[in-house]
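A.B. asks: Those protein sequence lines, which keep their order, are chains A and B. Be aware that the first sequence starts at 0, since it is given in numbering that gives the first Met the number 0, and climbs by one per residue. Be aware that the second sequence starts at 0, since it is given in numbering that gives the first Met the number 0, and climbs by one per residue. Sending over a structure as structure tokens; questions will come in a sec.
Protein chains: 2
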Amino acid sequence: MNKGILTVVSGFSGAGKGTLMKRLIEKYDNYALSISATTRQSRPREMHGKDYFFQSIEEFEQMIAEDQLIEHANYVGNYYGTPRAYVEEQLNTGKDVILEIELQGALKVKEKIPDTLLLFVTPPNAKNLMKRLTDRGTEGTAAIKARMKRAGEEAVYMDRYDYLVINDDLETCVEQIHQIIQDEHFKVFRNINFIEKIKDELKAF
Amino acid sequence: MNKGILTVVSGFSGAGKGTLMKRLIEKYDNYALSISATTRQSRPREMHGKDYFFQSIEEFEQMIAEDQLIEHANYVGNYYGTPRAYVEEQLNTGKDVILEIELQGALKVKEKIPDTLLLFVTPPNAKNLMKRLTDRGTEGTAAIKARMKRAGEEAVYMDRYDYLVINDDLETCVEQIHQIIQDEHFKVFRNINFIEKIKDELKAF
Numbered sequence: 000m001n002k003g004i005l006t007v008v009s010g011f012s013g014a015g016k017g018t019l020m021k022r023l024i025e026k027y028d029n030y031a032l033s034i035s036a037t038t039r040q041s042r043p044r045e046m047h048g049k050d051y052f053f054q055s056i057e058e059f060e061q062m063i064a065e066d067q068l069i070e071h072a073n074y075v076g077n078y079y080g081t082p083r084a085y086v087e088e089q090l091n092t093g094k095d096v097i098l099e100i101e102l103q104g105a106l107k108v109k110e111k112i113p114d115t116l117l118l119f120v121t122p123p124n125a126k127n128l129m130k131r132l133t134d135r136g137t138e139g140t141a142a143i144k145a146r147m148k149r150a151g152e153e154a155v156y157m158d159r160y161d162y163l164v165i166n167d168d169l170e171t172c173v174e175q176i177h178q179i180i181q182d183e184h185f186k187v188f189r190n191i192n193f194i195e196k197i198k199d200e201l202k203a204f
Numbered sequence: 000m001n002k003g004i005l006t007v008v009s010g011f012s013g014a015g016k017g018t019l020m021k022r023l024i025e026k027y028d029n030y031a032l033s034i035s036a037t038t039r040q041s042r043p044r045e046m047h048g049k050d051y052f053f054q055s056i057e058e059f060e061q062m063i064a065e066d067q068l069i070e071h072a073n074y075v076g077n078y079y080g081t082p083r084a085y086v087e088e089q090l091n092t093g094k095d096v097i098l099e100i101e102l103q104g105a106l107k108v109k110e111k112i113p114d115t116l117l118l119f120v121t122p123p124n125a126k127n128l129m130k131r132l133t134d135r136g137t138e139g140t141a142a143i144k145a146r147m148k149r150a151g152e153e154a155v156y157m158d159r160y161d162y163l164v165i166n167d168d169l170e171t172c173v174e175q176i177h178q179i180i181q182d183e184h185f186k187v188f189r190n191i192n193f194i195e196k197i198k199d200e201l202k203a204f
């Protein structure tokens, strides 16, 4: 069995990444979502080992020291990171692992694990992003404006990704993401074993 | 409209490339097969501008001199080559152009046009290739043995390709080729216009 593909999905806040990933996992059983480690308090209904690996600051800092995290960051006083062990474990059983993380983390992962596939999810245009953020109805004008500004800053790094996926229609977009990841299995550098095998067989003639 | 994708399809003799391409073109209308120029005599029922562009040696050598061919080679005294104009014309109308050429030519095309997608079609194993060649019933044991030996020599260059497609079942293989080429449209470097546009839009916020 071939190893799974590690895919990092990033995109502007409000681009619909969460919904896309939920639908992708629901629809196909070859995917595993990476579970982040965090030092923040768990919220009601959040489960250790499902939503997050909840850890103490000491535990988390030990993981950093022992290079057990593919990437990590600190937001408003709490650590968040991607435990390498869980990702490796899933990849080795042939699962395609999805990491939904922001830009800085994504580029760090690509640096550490160069065969990572980087997907960037974007709405069809800025107006559509604005509408999505407004329709959520959870934030005021100032917060939305700040998110739009942040999107503009992040857009500068879009060309560091491998593929661009435009989230116009949910189902179409889920299919595109699925196809891109599945096609990745046919990349020559992921099929070195097959190539070596057929080379050996052909030598016999 | 985005430009089409230029795809070079190569593979061992007997891997079924011809049948695959025929089926692909039959099934989807976004493809154009590149038409080769040649100095060899036309055969009955071959049409100029459909099967080949038939040319005199003088015409062909002038095309070489004027860099009008993406690649060319000489087999048993006849020139064969890929006219750049026809390929560019099709790509500019948004067609995905397929070039079915052998390894040496494929690598030359990639050198001249770096965003070319290189696909290598292979049977699932050497035994299957042998069976395919035998089942065609057109060649004797010695000729088949020579093709198998040649396949062994070509296999060394498989890792220069982008994707490996295993031709086990025709329809499955056609779908894989189609998906790989269509996904290529989502590559970030092929969507620079979109990226620049959304960057500009976001600046307005």
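Note that beta-carbon positions come from the ideal geometry of N, C-alpha and C, so glycine has one too.
Taking 8 Å as the cut-off, decide whether the C-beta atoms of L102(B) and D161(B) are in contact.
C.D. replies: Result no, Cβ atoms of L102(B) and D161(B) do not sit closer than 8 Å.
A.B. asks: Name the chain A residues that come within less than 8 Å of I97(B), Cβ to Cβ?
C.D. replies: Those within 8 Å of I97(B) in chain A number zero; the least Cβ separation is about 17 Å.
A.B. asks: Which term fits L201(A), buried or exposed, when burial requires 16 or more other beta carbons within 10 angstroms of its beta carbon?
C.D. replies: L201(A) should be labelled buried.
A.B. asks: Taking three-plus beta-carbon pairs below 8 Å as touching, is the region 179-191 of chain B in contact with the region 36-55 of chain B?
C.D. replies: No, the region 179-191 of chain B is not in contact with the region 36-55 of chain B.
A.B. asks: Could you say which of Y74(B), F59(B) and F204(B) lies nearest to L68(B) if we only look at CA atoms?
C.D. replies: When each option's Cα is compared against that of L68(B), the closest is F59(B).
A.B. asks: Chain B partners of E200(A), CB-CB under 8 Å?
C.D. replies: What E200(A) touches in chain B: N124, A125 and K126.
A.B. asks: When the Cα atoms are used, what is the spatial distance from Y156(B) to K130(A)?
C.D. replies: If I take the Cα positions, the gap works out to 50 Å.
A.B. asks: If the criterion is Cβ atoms closer than 8 Å, does the pair A150(B) and S12(B) meet it?
C.D. replies: Cβ distance < 8 Å, so A150(B) and S12(B) count as in contact.
A.B. asks: Quick one: list the residues of chain B neighbouring G151(A), beta-carbon separation under 8 Å, in chain order.
C.D. replies: Correct list: K198, L201, K202 and F204.
A.B. asks: Output, in sequence order along the chain, the residues in the region 79-108 of chain B whose CB is closer than 7 Å to any CB in chain A.
C.D. replies: Listed by position, the residues of the region 79-108 of chain B near chain A (Cβ gap below 7 Å) amount to none.
A.B. asks: Would you mind listing the alpha helix (DSSP H) stretches within the region 25-92 of chain A that are 4+ residues and don't spill past its ends, in chain order?
C.D. replies: Fully enclosed alpha helix (DSSP H) runs of 4 or longer: 56-64 and 83-91.
A.B. asks: With a threshold of 8 Å between beta carbons, is N29(A) in contact with chain B?
C.D. replies: Judged by the 8 Å Cβ criterion, N29(A) is not in contact with chain B.
A.B. asks: Please decide whether M20(B) counts as near chain A, where near means a Cβ-Cβ distance under 8 Å.
C.D. replies: Not an interface residue.
A.B. asks: With a CB to CB cut of under 7 Å and the five nearest residues on each side skipped, what residues in its chain are close to R146(A)?
C.D. replies: S12, G13 and L132, listed in sequence order.
A.B. asks: Which residue marks the beginning of the beta strand (DSSP E) containing D95(A), and which one marks its end?
C.D. replies: Taken as a continuous stretch (DSSP letters only), the beta strand (DSSP E) holding D95(A) covers D95 to E99.
A.B. asks: Q175(B) versus chain A: which residues are under 8 Å apart at the beta carbon?
C.D. replies: Within chain A, the residues near Q175(B) are D182 and F185.
A.B. asks: So G3(B) packs on K107(B), CB below 8 Å; how close in whole Å?
C.D. replies: Rounded, the Cβ-Cβ distance is 20 Å, inconsistent with contact.
A.B. asks: How would you list, in chain order, the residues of chain B whose beta-carbon sits under 8 Å from the beta-carbon of V164(A)?
C.D. replies: Under the 8 Å cutoff, chain B gives F185.
A.B. asks: Chain A beta carbons: is any one of them nearer than 8 Å to that of Y156(B)?
C.D. replies: Judged by the 8 Å Cβ criterion, Y156(B) is not in contact with chain A.
A.B. asks: Please identify the residue among P122(A), D199(A), L169(A) and S9(A) whose C-alpha is closest to the C-alpha of K26(A).
C.D. replies: Comparing Cα positions, the closest option is L169(A).
A.B. asks: Is S55(A) buried or exposed, if buried means 16 or more other CB atoms sit within 10 Å of its CB?
C.D. replies: Looking at its Cβ environment, which holds fewer than 16 other Cβ atoms inside 10 Å, S55(A) is exposed.
A.B. asks: Kindly indicate which residue of T92(B), N91(B), P113(B) and T81(B) has the alpha-carbon position closest to the one of Y51(B).
C.D. replies: Of T92(B), N91(B), P113(B) and T81(B), the residue nearest in Cα terms is T81(B).
A.B. asks: Could you check if Q61(A) is buried or exposed, using at least 16 other CB atoms within 10 Å of its CB as the buried criterion?
C.D. replies: With fewer than 16 other Cβ atoms within 10 Å, it is exposed.
A.B. asks: Below 7 Å CB to CB, which residues in the same chain sit around R83(A) once its five sequence neighbours on both sides are set aside?
C.D. replies: Excluding sequence neighbours, R83(A) sits near Q67, L68 and I69.
A.B. asks: Using a beta-carbon distance below 8 Å, is I4(A) in contact with chain B?
C.D. replies: Chain B contact via Cβ: absent.
A.B. asks: Which partner residues of T6(B) appear in the DSSP bridge assignment?
C.D. replies: Answer by DSSP bridge pairing, in chain order: I97(B) and L116(B).
A.B. asks: Alpha carbon to alpha carbon, how far is Q120(B) from L19(B)?
C.D. replies: Checking the displayed sequence, the identity of residue 120(B) turns out to be Val instead of Gln. Those two C-alpha atoms are separated by around 9 Å.
A.B. asks: Under the three-state reduction of DSSP, which class applies to Q137(A): helix, strand or coil?
C.D. replies: Going by the sequence as given, residue 137(A) is Thr instead of Gln. If DSSP states are grouped into helix, strand and coil, T137(A) belongs with coil.
A.B. asks: How many angstroms separate the CA atom of V75(A) from the CA atom of T37(A)?
C.D. replies: Using only the alpha carbons, I get a separation of about 12 Å.
A.B. asks: Looking only at its own chain, which residues have a Cβ that is under 8 Å from the Cβ of L23(A), when we skip the five neighbours before and after it?
C.D. replies: Answer for L23(A): Y30, I97, V173, I176 and H177, listed in chain order.
A.B. asks: Can you name the residues of chain B whose CB is closer than 9 Å to the CB of T121(A)?
C.D. replies: Near T121(A) (Cβ distances below 9 Å), the residues of chain B are F193, I194 and I197.
A.B. asks: From this set, L116(A), N127(A) and D167(A), which residue's C-alpha is nearest F204(B)'s C-alpha?
C.D. replies: Per the Cα distances, N127(A).
A.B. asks: Please state the DSSP three-state secondary structure of V155(B).
C.D. replies: V155(B) falls in the coil class under three-state DSSP.
A.B. asks: Would you say K130(B) lies against chain A (beta-carbon separation less than 8 Å)?
C.D. replies: No, K130(B) lies away from the interface with chain A (no Cβ there is under 8 Å from its Cβ).
A.B. asks: Alpha carbon to alpha carbon, how far is N1(A) from N91(A)? Give it in angstroms, no decimals.
C.D. replies: The straight-line gap from Cα to Cα measures roughly 8 Å.
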